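Please read the structure below before turning to the comments.
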Amino acid sequence: MSSSPFSMSSSSSSCSISISSSSSSISSSSSSSSGSAANMTERYDCHYCKESLFGKKYDLSYKDRHWHEDCFQCFQCKRSLVDKPFSTKDEQLLCTECYSNEYSSKCHECKKTIMPGSRKMEHKGNSWHETCFTCHRCQQPIGAKSFIPKESQNFCVPCYEKQFAMQCVHCKKPWHKDCFLCTSCKQQLSGQRFTSRDDFAYCLNCFCNLYAKNKYISFEERQWHNDCFNCKKCSMSLVGRGFLTERDDILCPECGKDV
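Each residue of the sequence shown is one higher than the one before, starting from 17 at the first, in my numbering.
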């Protein structure tokens with residue numbers, strides 16, 4: 017019997033969520049004018065309409081590009097971006113709303129856009145609003161805590177253990193090696209050979225000492241006389257020894273190496 021690395025019946029291991037701000041792709045640059053209110057004295061052309069800005073009262077600039085005030089607008093919805101946050105995509109200006117609708121992540125749970133400036137949770141290519149990334153069982157936000165995915169659903173560790181983990185017959189908590197003891201000598205059986213009788217586990221020594229007088233050995237609902245409990249290949253007695261099974265046969269560890 018081998019122990020689970022996470023003390024539960026599934027081979028699933030706990031996961032951690034990646035938390036990032038969804039505003040990383042949004043430029044926080046202000047659309048306010050970088051020039052003065054005086055007439056333009058340098059010969060710049062408007063990036064949008066290509067007309068000269070020379071002699072104009074206002075010049076709105078961003079990354080060495082310049083616009084008339086009326087031309088400084090969202091490429092998609094055409095609303096003015098003056099004194100508003102904006103983003104750029106393929107050198108086109110976009111308001112925050114248009115950029116979000118077109119390029120921001122969609123929440124895997126509610127399917128709505130994760131707006132710039134809000135935190136988003138990411139795992140295996142999917143994104144969630146922070147409030148939408150919840151445990152399937154208790155419906156509480158998981159946040160940055162460990163969780164376990166199962167069948168496209170996510171569980172916080174306590175809920176996963178309550179719903180899916182094997183229960184220790186001794187303390188009724190999720191299975192763990194500290195309670196997996198020989199019924200007689202209380203030695204830990206995790207990683208050791210053992211057998212059972214009447215649903216109780218015993219190390220091999222205790223089992224032989226307690227039940228050898230009954231002249232039979234029991235293992236997995238099969239029984240042998242003591243004299244018959246021998247290796248199928250070399251006929252060595254396996255009473256009180258470790259052994260392996262090969263279909264209906266039992267083998268000593270040495271003979272079992274070739275199986």
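Quick reminder that beta carbons are idealized off the backbone N, C-alpha and C, glycines included. Values in this document were obtained by computation on a predicted structure and should not be read as measured data.
Opening and closing residue of the alpha helix (DSSP H) in which residue i lies
{"i": "Tyr119", "result": "112-119"}
{"i": "Pro269", "result": "269-272"}
{"i": "Phe223", "result": "220-227"}
{"i": "Lys178", "result": "173-180"}
Three-state class that DSSP yields for residue i in the structure shown
{"i": "Asp61", "result": "strand"}
{"i": "Glu262", "result": "strand"}
{"i": "Lys161", "result": "coil"}
{"i": "Glu146", "result": "coil"}
Burial state of residue i (16 or more Cβ within 10 Å)
{"i": "Gln89", "result": "buried"}
{"i": "Cys175", "result": "buried"}
{"i": "Ala160", "result": "exposed"}
{"i": "Glu177", "result": "buried"}
{"i": "Cys244", "result": "exposed"}
{"i": "Leu226", "result": "exposed"}
{"i": "Asn221", "result": "exposed"}
{"i": "Asn142", "result": "exposed"}
{"i": "Lys140", "result": "exposed"}
Option in the options with minimal Cα separation from residue i
{"i": "Lys193", "options": "Leu205, Gln108, Gly133", "result": "Leu205"}
{"i": "Phe235", "options": "Phe163, Phe91, Ile266", "result": "Ile266"}
{"i": "Pro101", "options": "Thr112, Phe91, Thr147, Arg95", "result": "Thr112"}
{"i": "Arg213", "options": "Gln203, Lys202, Cys198", "result": "Cys198"}
{"i": "Ser103", "options": "Tyr78, His145, Leu260, His82", "result": "Tyr78"}
{"i": "Glu167", "options": "Cys201, Asn246, Phe180", "result": "Phe180"}
{"i": "Val98", "options": "Asp86, Asn117, Glu107", "result": "Asp86"}
Strand pairing of residue i, partner residues [DSSP]
{"i": "Leu197", "result": "Gln204"}
{"i": "Lys166", "result": "Gln169"}
{"i": "Gln139", "result": "Looking at the sequence itself, residue 139 is His, so the reference to Gln does not match. BP columns for His139 point to Asn142."}
First and last residue of the uninterrupted beta strand (DSSP E) at residue i
{"i": "Lys105", "result": "102-105"}
{"i": "Thr7", "result": "Missing from the structure shown is residue 7; the chain here goes from 17 to 275 and no further."}
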